[in-house]
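Residue numbers for the sequence shown follow this note's numbering, so the first one is 44 and each next one is one higher. Note that beta-carbon positions come from the ideal geometry of N, C-alpha and C, so glycine has one too. Just so it is clear, the structure is predicted and the values come from calculations on it, not from any experiment.
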Amino acid sequence: MAGILIIEDDVHVRGAVARALAGRGHDVITEATGMAGLEASIASDVDVVILDLGLPDVDGAEVLKMIRAVREIPIIVATARDDEREVVKLLDSGADDYVIKPFSAELLEARIRAVLRRGDRTDDPVQYAAGGLTVDL
Numbered sequence: 044m045a046g047i048l049i050i051e052d053d054v055h056v057r058g059a060v061a062r063a064l065a066g067r068g069h070d071v072i073t074e075a076t077g078m079a080g081l082e083a084s085i086a087s088d089v090d091v092v093i094l095d096l097g098l099p100d101v102d103g104a105e106v107l108k109m110i111r112a113v114r115e116i117p118i119i120v121a122t123a124r125d126d127e128r129e130v131v132k133l134l135d136s137g138a139d140d141y142v143i144k145p146f147s148a149e150l151l152e153a154r155i156r157a158v159l160r161r162g163d164r165t166d167d168p169v170q171y172a173a174g175g176l177t178v179d180l
């Protein structure tokens, strides 16, 4: 299963999400602040980041930009903020997905699978041949 970093300041939400994902076989790391989450995203070999926006030290939107500056890793924003303009802004800023709290563990895991599938796609060249003509795409 996937290695997942949860950056969430609410101890109850952080614990519930971590338990749910660990119970589904994922390796989970948790951090309560944006800076600790940024450090963990760099130092650890996680596959996905679950990022809250309302962090005590740095807004999650800034953490998103900082992680994006150093790593290409799927980031799912998980927050209570539901303003459509903010959702669009964060997706345009590099978030791979956005889920609004409250959400089920099943929904979050489906979104994790989806971002991981997109990352699994290879850009290997495709070759088409017809008769004596071969085209590499």
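Original post:
In three-state terms, what does DSSP make of residue 157?
Top reply: The residue labelled residue 157 in the question sits at position 114 within the sequence shown. Reduced to three states, the DSSP call for residue 157 is helix.
**OP:** Name the two residues that bound the continuous beta strand (DSSP E) containing residue 96.
**Re:** For this step, residue 96 is matched to residue 53 along the sequence shown. Per DSSP, residue 96 belongs to no beta strand (DSSP E) and is neither H nor E.
Original post:
Since residue 91 contacts residue 155 with CB under 8 Å, what's their CB separation in whole angstroms?
Top reply: Position 48 of the sequence shown, counted from the start, is the residue given in the question as residue 91. Position 112 of the sequence shown, counted from the start, is the residue given in the question as residue 155. About 5 Å separates the two Cβ atoms, so the contact holds.
Original post:
Would the beta-carbon of residue 150 fall within 9 Å of that of residue 64?
Top reply: Counted from its first residue, the sequence shown places residue 150 at position 107. Counted from its first residue, the sequence shown places residue 64 at position 21. Not closer than 9 Å, so no.
Original post:
Roughly how many angstroms lie between the CA atoms of residue 131 and residue 175, to the nearest whole one?
Top reply: As a first step, residue 131 must be located in the sequence shown, where it is residue number 88. As a first step, residue 175 must be located in the sequence shown, where it is residue number 132. In a straight line, the C-alpha of residue 131 is about 48 Å away from that of residue 175.
Subject >> Extent of the continuous alpha helix (DSSP H) run through residue 135 >> reply: The sequence position of residue 135 within the sequence shown is 92, counting from 1. Its alpha helix (DSSP H) spans residues 127-135.
Original post:
Between which two residues does the alpha helix (DSSP H) carrying residue 104 extend?
Top reply: By 1-based counting over the sequence shown, the position of residue 104 is 61. That run of the alpha helix (DSSP H) goes 103-113.
**OP:** Rounded to whole angstroms, what's the CA-CA distance from residue 55 to residue 172? Just pull it up for me.
**Re:** Counting from 1 along the sequence shown, the entry for residue 55 is found at position 12. Counting from 1 along the sequence shown, the entry for residue 172 is found at position 129. Cα-Cα distance, rounded: 57 Å.
Subject >> Straight-line gap, residue 84 to residue 178 (C-alpha atoms, nearest Å) >> reply: Counted from its first residue, the sequence shown places residue 84 at position 41. Counted from its first residue, the sequence shown places residue 178 at position 135. Distance between the alpha carbons of residue 84 and residue 178 is about 40 Å.
Original post:
How should residue 140 be labelled, buried or exposed, when 16 other C-beta atoms within 10 angstroms of its C-beta is the threshold for buried?
Top reply: Numbered from its first residue, the sequence shown carries residue 140 at position 97. Label assigned to residue 140: buried.
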